[in-house]
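Position 90, counted from 1, in the sequence shown is what this note's numbering calls 114; the numbers after and before it change by one each time, with no gaps. All C-beta atoms in this analysis are idealised placements derived from N, C-alpha and C, irrespective of residue type, glycine included.
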Amino acid sequence: MGTITFSIFEAFIENVRDMTKYGEDDSVKAFINQVIASRQVAIVIDELESGHSSCRVNNTSVLEVVFKTGNFGTNMRDAVYELEKALDVSFAQTNKGEIPLAATRSFQKNFLDQKAELEKSIAEEMLGTNLTLLANPNEI
């Protein structure tokens, strides 16, 4: 039981580490701290409608790593695999109209991180005419 419990929390830590780029992404850390305001992670046994495990944020801002009754320790890594989705679901319930973490991270990775290269390509196609690409995710 101790090994399983340790492994569950270890998987959670690995997922957070990946999401925050080893602690370098302050916006993701701030988002996680906002959603998990209690600063608590609990292992819970519950009757899940589907699957053996998952995670969710309860109404007191505690992140719960949930296992279906009789399946404690089954799919430990899968339980926290959808951590980002669970955080976004909780965030959306209290922050209507604001951008969830998944969208923010996607905007950064798929647009902002590639923006300079894209602007350079456009300038080459337009014979040196520089264009600045503007996109505000809060307005899209």
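Among the options, the one whose alpha carbon lies nearest that of residue i
i, options, result
"K92", "V68, I32 and V81", "V68"
"D112", "F55, N160 and R63", "F55"
"T128", "E163, T29 and E71", "E163"
"T84", "V65, K53, N160 and A126", "V65"
"L125", "A159, I28 and D49", "D49"
"F36", "A116, M25 and R80", "R80"
"T118", "K53, F33 and Q58", "Q58"
"E73", "A147, Y105 and V90", "V90"
"D87", "N95, T98, G97 and K109", "In the sequence under discussion, the amino acid at residue 87 is Leu, which differs from the Asp named in the question. The shortest C-alpha separation from L87 is found at K109."
Buried or exposed by the 16-neighbour rule on C-beta atoms within 10 Å, applied to residue i
i, result
"L136", "exposed"
"S77", "buried"
"F30", "exposed"
"A116", "exposed"
For residue j and residue i, the rounded distance between their alpha carbons
i, j, result
"E149", "S62", "52 Å"
"K120", "S114", "11 Å"
"L107", "I123", "16 Å"
"L151", "F131", "28 Å"
"Y46", "E34", "14 Å"
"I146", "S51", "30 Å"
Ignoring anything shorter than 4 residues or poking outside the stretch 43-125, list the alpha helix (DSSP H) runs there in chain order.
Fully enclosed alpha helix (DSSP H) runs of 4 or longer: 50-59, 100-105 and 107-118.
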